Amino acid sequence: MIVAYNAFSRWITRCMAGAGEADLAVNDILVLHHVHHRGRSKKLADICFTLNYEDSHVINYCLKKLVTMKFIRGEKIGKEVFYTSTPEGAALVERFRDVRNRCLLPSMAGEVADGEVLSAIARQLRTLSGLYDQAARAASSL
1 MIVAYNAFSR WITRCMAGAG EADLAVNDIL VLHHVHHRGR SKKLADICFT LNYEDSHVIN
61 YCLKKLVTMK FIRGEKIGKE VFYTSTPEGA ALVERFRDVR NRCLLPSMAG EVADGEVLSA
121 IARQLRTLSG LYDQAARAAS SL
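Taken in order, the sequence shown gives residues 1 to 142; the numbers are from full-length UniProt numbering.
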């Protein structure tokens, strides 16, 4: 898992650099994609929950950085700030997808490209995530 995570991290940062933005770190890229996903505004707590981050300060830093870079914007509604992608952020995500489609997807063939196989892998990863979360809770009570 460590090797796969490091390869994935290297991939998304280089893909984003290929899309024209080399100054974003892994967390910034993940947050940008999540905020842009489905075109709906999202608040900090929901972003942390979906990306499984306990430390909201890390995600809040990413949000502030992305706002400063004009890739997302925040709108205060009541006590919460809701984030959406800007046209610049949406264009960057689209360029990222173009690089992904040119560089990553053609190398996915056979079983890796099979939707059923990918669904099974996703289920296994969710199961592992749950097991690690449960073990972390148990370890914190020792």
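From the three backbone atoms N, C-alpha and C, an ideal C-beta is built for every residue, glycine too. No experiment lies behind these values; they were computed from the predicted model shown.
#### Entry: Bridge-paired residues (DSSP) for LYS43
The sequence position of residue 43 within the sequence shown is 43, counting from 1. Answer by DSSP bridge pairing, in chain order: PHE82.
### Message
I'd like the list of long-range same chain contacts for ALA19, defined as Cβ closer than 8 Å, with 5 residues on each side in sequence excluded.
### Response
The residue labelled residue 19 in the question sits at position 19 within the sequence shown. Closer than 8 Å at the Cβ level, and outside the excluded window around ALA19, lie LEU92, ARG95, PHE96, ASP98, VAL99.
### Query
By a C-beta neighbour count over all protein chains shown, 10 Å radius and 16 as the cutoff for buried, is ASP133 buried or exposed?
On the sequence shown, residue 133 is found 133 positions in, with the first residue counted as 1. Exposed, because fewer than 16 other Cβ atoms sit within 10 Å of the Cβ of ASP133.
### LEU24, buried or exposed, once every other Cβ within 10 Å from all chains shown has been counted against 16
Counted from its first residue, the sequence shown places residue 24 at position 24. Buried, because 16 or more other Cβ atoms sit within 10 Å of the Cβ of LEU24.
### Query
What number of angstroms, rounded off, separates the C-alpha of VAL81 from the C-alpha of LYS43?
Sequence index remark: in the sequence shown, residue 81 carries index 81 (1-based). Sequence index remark: in the sequence shown, residue 43 carries index 43 (1-based). One C-alpha to the other measures close to 6 Å.
### Task
Check the DSSP bridge columns for LYS76 and list the partner residues they point to.
Position 76 of the sequence shown, counting from 1, holds the residue named residue 76. In the DSSP output, where bridge partners are listed per residue, LYS76 has VAL81.
### Collapsed DSSP secondary structure at SER51 in the structure displayed
In the sequence shown, residue 51 corresponds to position 51, counting from 1. The sequence as given places Leu at residue 51; Ser does not occur at that position. In this structure, LEU51 counts as helix in the three-state DSSP scheme.
### Task
Note down the Cα distance separating TYR53 from LYS70, rounded to an integer number of angstroms.
Along the sequence shown, read from residue 1 onward, the residue named residue 53 stands at position 53. Along the sequence shown, read from residue 1 onward, the residue named residue 70 stands at position 70. Their backbone Cα atoms lie some 23 Å apart in a straight line.
### Task
Out of THR84, HIS37, ASP114, state which residue places its alpha-carbon closest to the alpha-carbon of VAL67.
Position 67 of the sequence shown holds residue 67. The option with the nearest alpha carbon to VAL67 is THR84.
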